[in-house]
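Engineer:
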Amino acid sequence: MKKYLLALFCLMGMLTATAGEPLAIGVSMPSKVLPRWTHDGENLKAALEKDGFKVRLLFGLNNNVSNQVNDVENMIDAGCRVLVIAPIDGLAFTEVLRKAEEHGIPVIAYDRMIMNSAAVAYYASFDSTQVGAMQAQFIKEKLDLDNAAGPFNLEIFTGDAGDPNVKLLFDGAMSVLKPYLDAGKLRILSEQREREQCYTKGWLSEAAQARMEGLISSVGYGQVKWRSEKLDAVLCQNDTTANGVTDALLAGGYPAENFPLITGQDCDTLSVVNMRHGLQAMSVFKDTRALAAQVALAVKALVAGEAPVSTTTYHNGKKAVPAQWCDAVAVTPDNIDAALVKSGYYQPADVAGDAKK
Numbered sequence: 302m303k304k305y306l307l308a309l310f311c312l313m314g315m316l317t318a319t320a321g322e323p324l325a326i327g328v329s330m331p332s333k334v335l336p337r338w339t340h341d342g343e344n345l346k347a348a349l350e351k352d353g354f355k356v357r358l359l360f361g362l363n364n365n366v367s368n369q370v371n372d373v374e375n376m377i378d379a380g381c382r383v384l385v386i387a388p389i390d391g392l393a394f395t396e397v398l399r400k401a402e403e404h405g406i407p408v409i410a411y412d413r414m415i416m417n418s419a420a421v422a423y424y425a426s427f428d429s430t431q432v433g434a435m436q437a438q439f440i441k442e443k444l445d446l447d448n449a450a451g452p453f454n455l456e457i458f459t460g461d462a463g464d465p466n467v468k469l470l471f472d473g474a475m476s477v478l479k480p481y482l483d484a485g486k487l488r489i490l491s492e493q494r495e496r497e498q499c500y501t502k503g504w505l506s507e508a509a510q511a512r513m514e515g516l517i518s519s520v521g522y523g524q525v526k527w528r529s530e531k532l533d534a535v536l537c538q539n540d541t542t543a544n545g546v547t548d549a550l551l552a553g554g555y556p557a558e559n560f561p562l563i564t565g566q567d568c569d570t571l572s573v574v575n576m577r578h579g580l581q582a583m584s585v586f587k588d589t590r591a592l593a594a595q596v597a598l599a600v601k602a603l604v605a606g607e608a609p610v611s612t613t614t615y616h617n618g619k620k621a622v623p624a625q626w627c628d629a630v631a632v633t634p635d636n637i638d639a640a641l642v643k644s645g646y647y648q649p650a651d652v653a654g655d656a657k658k
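Residue numbers for the sequence shown follow our numbering, so the first one is 302 and each next one is one higher.
1) Leaving out five residues on either side along the sequence, give the residues of the same chain with a beta carbon under 6 Å from the beta carbon of Leu550.
2) Exposed or buried, what is Thr613 when buried is set at 16 or more other beta-carbons lying within 10 Å of its beta-carbon?
3) Short check: CB of Leu392 to CB of Ala420, under 8 Å?
4) Roughly how many angstroms separate the alpha carbons of Leu469 and Thr564, rounded to a whole number?
5) Just curious, the beta strand (DSSP E) that Tyr424 is in, first and last residue?
6) How should Trp527 be labelled, buried or exposed, when 16 other C-beta atoms within 10 angstroms of its C-beta is the threshold for buried?
7) Do the CB positions of Glu442 and Leu490 come within less than 8 Å of each other?
8) According to DSSP, Phe453 sits in a beta bridge with which residue or residues?
9) If Asn466 sits next to Lys619, beta carbons under 8 Å apart, how far is it from one beta carbon to the other, in whole angstroms?
10) Excluding the 5 residues preceding and the 5 following Tyr500 in the sequence, name in chain order all residues of the same chain whose CB lies nearer than 6 Å to its CB.
11) Would you kindly check if the distance between the Cβ of Gln595 and the Cβ of Ala347 is under 8 Å?
12) With distances taken between CB atoms, is the gap from Thr541 to Ser506 smaller than 8 Å?
13) Would you identify the three-state DSSP class for Lys441, choosing helix, strand or coil?
14) Flag this pair as yes or no: are the beta carbons of Ala599 and Leu345 separated by less than 8 Å?
15) CA-CA distance, Thr430 and Gln625?
16) Residues in the same chain with beta-carbon distance under 6 Å from Pro323, minus the five sequence neighbours each way, listed in chain order, please.
17) How many Å lie between Asp567 and Gly606 at the Cα?
18) Nearest CA to the CA of Asp445: which residue from Leu562, Ala653 and Ile406?
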């Protein structure tokens, strides 16, 4: 029934387009598990509808790769004019997108690259290498690594293994932190220093919490007498992993006034509130409104048979894909209101609640 309704929707869009009606654009977001994807989907839908397109917005069920691939295949079979995909797993779409290529349906990779597919016509995102470097630079400056004696204890939490952005974020962070790790100024007492050792399945808070609880137990991090190792910083690649680390530390007895520096990404409302209360030190703000606007422009260009505006390329293993980066901003407790509230991204009440206890 779902496949039939989706096919009917896109077929109606194609038929009515000949009479001047809007074309159908398929948009596939990973899930609603991470709050940011809800913002992304709604902002993109609004931007495309403002430009006169019909939009079919679907979210992957329970962050399930097979479900998302099926959604995309249904859109292709129905003949939707352009596909916009933020993949759960950037390696999972090679086969299904061969259909898109055969049918001449251009694909836009949204925020996460889709690997090994010639159907990808455009990639719009933020510079993930720069974002990782921003997170690490914050830790470097706050710990004063160039001047303080140290050593300081650090742990790292990356995202899901299937997300190509994870490597970029990790490489960006290591471009800043590696010299201090090599010199012993920074220590990773768990010895889990490689990217593959730090994955968080599905970017889920629960997975990050479980791993952090294991580190507290095995390494001896904590604030009670029988745990003597101080944890100075945790580099978390996004806010859901940061929230899981926060939960584990609170359960382990860490008081807010002596919390380690925790980084994040996306400025989810819970993390912003936690920043106000000393439970997270920073998050990288990626304005989904700007990304949606950029993608909407790309859709219009592709429908018109034109090349979207791009300033760089990204090789997805099959070809060099034209790409465009949007600007990211480091947010700390000092600039929450300026970056997030005055810009209209959040209302004051959205980020004024109580932190986790």
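From the three backbone atoms N, C-alpha and C, an ideal C-beta is built for every residue, glycine too.
Owing to the predicted nature of the structure, the values given are computational and were not obtained by experimental measurement.
Structural biologist: Reading off the structure:
1) For the purposes of this step, residue 550 is taken as residue 249 along the sequence shown, with counting starting at 1. Correct list: empty, nothing qualifies.
2) Your numbering for residue 613 matches position 312 in the sequence shown. Its Cβ having fewer than 16 others within 10 Å, Thr613 is exposed.
3) Locating residue 392 in the sequence shown gives position 91, where the first residue counts as 1. Locating residue 420 in the sequence shown gives position 119, where the first residue counts as 1. It is not a contact, given that the beta carbons lie outside the stated cut-off.
4) Numbered from its first residue, the sequence shown carries residue 469 at position 168. Numbered from its first residue, the sequence shown carries residue 564 at position 263. Whole-angstrom Cα-Cα distance: 16 Å.
5) Position 123 of the sequence shown, counting from 1, holds the residue named residue 424. First-last of the beta strand (DSSP E) with Tyr424: Val421 to Phe427.
6) Residue numbering aside, residue 527 sits at position 226 when the sequence shown is read from its first letter. Note that Trp527 has pLDDT 46, beneath the 50 cutoff, so the model's placement of it is unreliable and the number below is only indicative. With fewer than 16 Cβ atoms within 10 Å of its Cβ, Trp527 is classed as exposed.
7) Translated into the one-based positions of the sequence shown, residue 442 becomes position 141. Translated into the one-based positions of the sequence shown, residue 490 becomes position 189. Cβ atoms of Glu442 and Leu490: not closer than 8 Å.
8) Along the sequence shown, one-based indexing puts residue 453 at 152. Per DSSP, Leu487.
9) Against the sequence shown, residue 466 aligns to sequence position 165. Against the sequence shown, residue 619 aligns to sequence position 318. Asn466 to Lys619, Cβ: 18 Å. No contact.
10) As a working note, residue 500 is residue 199 in the sequence shown. Thr459 and Ala462.
11) For the purposes of this step, residue 347 is taken as residue 46 along the sequence shown, with counting starting at 1. For the purposes of this step, residue 595 is taken as residue 294 along the sequence shown, with counting starting at 1. Their beta carbons are not under 8 Å apart, which means Ala347 does not touch Gln595 by this criterion.
12) Position 240 of the sequence shown holds residue 541. Position 205 of the sequence shown holds residue 506. Yes.
13) Counting from 1 along the sequence shown, the entry for residue 441 is found at position 140. Lys441: helix per DSSP, three-state reduction.
14) Within the sequence shown, the letter at position 298 stands for residue 599. Within the sequence shown, the letter at position 44 stands for residue 345. Against a cut-off of 8 Å, the Cβ pair of Leu345 and Ala599 comes out as no contact.
15) The residue given as residue 430 occupies position 129 in the sequence shown. The residue given as residue 625 occupies position 324 in the sequence shown. Taking the straight line from one Cα to the other gives about 14 Å.
16) Locating residue 323 in the sequence shown gives position 22, where the first residue counts as 1. Within the same chain, Pro323 has close Cβ partners Gly353, Phe354 and Lys355.
17) As a working note, residue 567 is residue 266 in the sequence shown. As a working note, residue 606 is residue 305 in the sequence shown. Between Asp567 and Gly606, the C-alpha separation is close to 33 Å.
18) The residue given as residue 445 occupies position 144 in the sequence shown. Out of Leu562, Ala653 and Ile406, Leu562 has the C-alpha closest to the C-alpha of Asp445.
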